[in-house]
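Scroll down for the structure; my scribbles are underneath it.
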Amino acid sequence: MSTFTDPYASSQETTEGRVYSVTGGDWDSLVTEIGATKEERVVLNMGPQHPSTHGVLRLVLELEGETVTETRCGIGYLHTGIEKNTEYRNWTQGVTFVTRMDYLSPLFNETAYCLGVEKLLGITNDVTERATVIRVMMMEFNRISSHMVALGTGALELGALSPMIFAFREREKVLDIFEMISGLRMNMAYVRPGGLAQDLPKEALGKIRETIKDLRHNFKDNEKLLIGNSIWIKRTQGIGYLDLAGCTTLGITGPVLRATGLPWDLRKAQPYCGYENYQFDIPTTDTCDVYGRFLIRMQELEQSLRIIEQCVVKLEKLEGEPVMVADKKIAWPSQLSVGGDGMGNSLNHIREIMGESMEALIHHFKLVTEGFKVPVGQVYTSVESPRGEMGVHLVSDGGTRPYRVHFRDPSFNNLQATAAMCEGGQIADVIAAVASIDPVMGGVDR
Amino acid sequence: MSEKGMFGVQGSGDTSGFGGLVNANINIGSTQRPFGGYFDQVADDLERAYPLFSDAIEKVVVDRGELTLFIKRDRLFDVAKILRDQLKFEMCMGVSGVHYPEESGRELHAVYSLLSITRNQKIRLEVCVSDKDSHLPSLVEVWAGLNWHERETFDMFGIIFDNHPGLTRILMPDDWPGHPQRKDYPLGGIEIEYKGATVPAPSQRRSY
């Protein structure tokens, strides 16, 4: 039964006590009513629809006044059964599914998955250098676009609106590059087992060089906007503390771990995709707090640009090299090209299979519908995603479809640290702590 | 074991030219020493630190440059603790379930990936339990980060982790029946009509 008539805040009696539901607006009458009760302890349900919980994350907070005494996360609102679905598609089709898990870093999902499939096939060393360099370049661009969201929305959730607008402006530039290269701005399915869906378009390297210059200049402005902002610093310094021991026992990787001073980055520690051939640093801080984590993300932007520059130099030398393994039993038979109706097969390929070679048509048909067989076994491959170790556990039973695909998503694991970071702090700092973990619910729930 | 041809269907008039290929299947049995790489070192260290090693380890498999230790369920907790404390595998990246309905008596496998930052090494533990008695000791006490991973594996495969601080469903709703990623759980889906033709649900399509 409603006790007052605020359209945005109603209350009703339940067996657990009085439950208040609030949506938008200000809740003067509600605040007065809660203030009048003798109960100090309030259980606050935040989300799953809440503008500052990073998507459909539900937080159940137990409060004593403004102090958080207990935090619990409710997840699963975005569970789409991607892991199960891949078991009913062939190995190449799996890419289209896994790219949709952590939607802010699709290229990391794809690459981790494809490295796994290639390891199972035993063709890791057959992937051409050009394909590998393009993968690295795309991943580093993706790291930038993902960090831009982390920084922009992180600041937004703390009340700073402008950084979000500037961060998303830079992100747009990166997405334009993705669109030019893969045809899509996100969920590209660009990395395929054995190589890439298609080569770079002719104008790509020039555009990339321009964009690097642009981004480098603008990153400096963005940095000033945040680091020069005393409110932002006060809201982040010393907040959401988690030290090295906490990180290791909770399995935390990525910027949260590096903010404890440990320079752990899979790109250096256990290089994949030829990362050992690039010059770059691993930024660390030893503050163990929200501020340090954001600082690391800002510094990683510059390191990513450095890697991309080296990729561009390499790509100039590798002009004309194929981007798919030579083995026709694995490589999809055609270079895809972007046609008037989106992505499609190149006209030359269509001409060949429809008009010239019956065998080519059969081969194309069988490879695409049945897919290739992958020898029995299991592998675990991991890449350093913007959020930490993105691990993929693949099991093959020797068939044309995966037997089991499991993603160890860093967001899923790192979100467990919410309680350790928030309990004992102020309720306003919960927002900052969660933002510093940078969870992407698509990856958490899969 | 070997298999013929690149594709799954046999005797279908395959004229793609790949029918004559014969691939020897990699036999994944137990691996004998030397394991190669740092794996011998890990095995030596574990044997030294854990006297019951030979009793606890079912088999060791080295495949595609990765080490898998198959551990008996009763010894899992002890081995995990020693791996963390003495062999410095500080982090467990998670547990992944796999369901093999054909392997009677050991239908459910739990696969743990361990990471040592000190040694810069990775290994994998695998434990098998039967469908009827799908209990495993929880390793949350050893690696607190396994909390959600074990809940997920329980949710998806029905493996019960004893002594877990709160083993409830994590991704599916609390009242959901069944464990979705087991092989006997249907994928679901409906037929879709497209340009006059009917496309069957993914689980009803031909598989090879």
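Chains as they are written, first to last, in this note's numbering: chain A, 9 to 454; chain B, 8 to 215.
Just so it is clear, CB atoms sit at the ideal spot from N, CA and C, and this is done for glycine as well.
Contacts around residue i, its chain only, beta-carbon distance under 7 angstroms, and the 5 residues preceding and following it disregarded
i	result
Asn93(A)	Phe105
Gly451(A)	Met109, Asp110, Asp417, Ser419 and Phe420
Ile27(A)	Per the sequence shown, residue 27(A) should be read as Val rather than Ile. Closer than 7 angstroms at Cβ, skipping near neighbours: Ser19 and Gln20.
Glu73(B)	Arg131
Glu219(A)	For the sequence presented, residue 219(A) should be read as Thr rather than Glu. Closer than 7 angstroms at Cβ, skipping near neighbours: Lys181 and Ile185.
Gln307(A)	Pro291
Phe164(B)	Gly104, His106, Leu115, His186, Gln188 and Arg189
Cβ of residue i within 9 angstroms of any chain A Cβ
i	result
Ala151(B)	yes
Gly104(B)	yes
Val134(B)	no
Pro207(B)	no
Asp92(B)	no
His156(B)	yes
Glu198(B)	no
Ser214(B)	yes
Leu115(B)	no
Lys129(B)	yes
Thr38(B)	no
Val29(B)	Note that Val29(B) has pLDDT 48, beneath the 50 cutoff, so the model's placement of it is unreliable and no number is given.
Val118(B)	yes
CB of residue i within 9 angstroms of CB of residue j, strictly
i	j	result
Glu431(A)	Thr408(A)	no
Arg266(A)	Ile290(A)	yes
Val182(A)	Tyr283(A)	no
His87(A)	Met179(B)	yes
Ser29(A)	Glu165(A)	no
Met194(A)	Pro114(A)	yes
Leu129(A)	Pro201(A)	yes
Thr256(A)	Ile124(B)	yes
Phe386(A)	Thr75(B)	For the sequence presented, residue 386(A) should be read as Gln rather than Phe. In this structure, Thr75(B) lies closer than 9 angstroms to Gln386(A) by Cβ.
Leu67(A)	Asn53(A)	yes
Val67(B)	Phe42(B)	yes
Arg97(A)	Pro209(B)	yes
Gly433(A)	Val51(A)	no
Met156(A)	Glu178(A)	yes
Chain B contact for residue i (CB, 9 angstroms cutoff)
i	result
Val403(A)	yes
Leu213(A)	no
Gly269(A)	no
Val333(A)	no
Val387(A)	yes
Glu397(A)	yes
Thr261(A)	yes
With 16 other Cβ atoms within 10 Å as the buried cut-off, status of residue i
i	result
Val476(A)	This structure does not reach residue 476(A), given that chain A is present from 9 up to 454, and the question cannot be answered.
Arg49(A)	exposed
Glu24(A)	exposed
Ser153(A)	buried
Ala31(B)	Reliability of the predicted coordinates at Ala31(B) is poor, the pLDDT of 45 falling under 50, and the value obtained from them is presented with this limitation in mind. Exposed, because fewer than 16 other Cβ atoms sit within 10 Å of the Cβ of Ala31(B).
Asp53(B)	According to the sequence shown, residue 53(B) is Leu rather than Asp. Buried, because 16 or more other Cβ atoms sit within 10 Å of the Cβ of Leu53(B).
Lys322(A)	buried
Thr40(A)	exposed
Val69(B)	buried
Ser61(B)	exposed
Leu146(B)	buried
Asp81(B)	exposed
Val206(B)	exposed
Gly399(A)	buried
Gly160(A)	buried
Val29(B)	With a pLDDT of 48 at Val29(B), under the threshold of 50, the predicted position of this residue should be treated as unreliable, and no value is reported.
Thr140(A)	buried
Asn34(B)	Residue confidence for Asn34(B) is low, a pLDDT of 47 falling below 50, so the modelled location carries little weight and cannot support an answer.
Supposed contact pair residue j and residue i - C-beta distance, whole angstroms, cut 8 angstroms
i	j	result
Phe288(A)	Ile316(A)	Rounded, the Cβ-Cβ distance is 10 angstroms, inconsistent with contact.
Ile78(B)	Ile64(B)	6 angstroms
Val125(A)	Leu402(A)	7 angstroms
Tyr45(B)	Gln128(B)	5 angstroms
Arg395(A)	Pro418(A)	4 angstroms
Arg301(A)	Val264(A)	6 angstroms
Ile166(B)	Val136(B)	7 angstroms
Ile147(A)	Thr107(A)	Correcting the residue type first, residue 147(A) is Met in the shown sequence and not Ile. Contact flag wrong, Cβ pair sits at about 13 angstroms.
Leu65(A)	Gly73(A)	Not confirmed; about 24 angstroms, so no contact.
Any chain D beta carbon closer than 9 angstroms to residue i
i	result
Phe116(A)	No chain D appears in the structure shown, which is made up of the protein chains A and B.
Cut-off 6 angstroms between Cβ atoms - residues of its own chain near residue i, not counting five sequence neighbours on either side
i	result
Ile247(A)	Asp297, Val298, Asp437 and Ala440
Ala87(B)	Leu146 and Val149
Glu392(A)	Asp273, Leu274 and Arg275
Close-in-space but distant-in-sequence residues of the same chain around residue i (CB under 8 angstroms, 5 per side omitted)
i	result
Met9(A)	Since pLDDT at Met9(A) reaches only 43, below the 50 mark, its modelled position is unreliable, and no value is offered.
Leu121(B)	Leu90, Phe96, Met98, Cys99, Met100, Lys129, Ile130, Arg131 and Leu132
Ala443(A)	Ser60, His62, Ala158, Thr161, Gly162, Glu165, Leu166 and Val298
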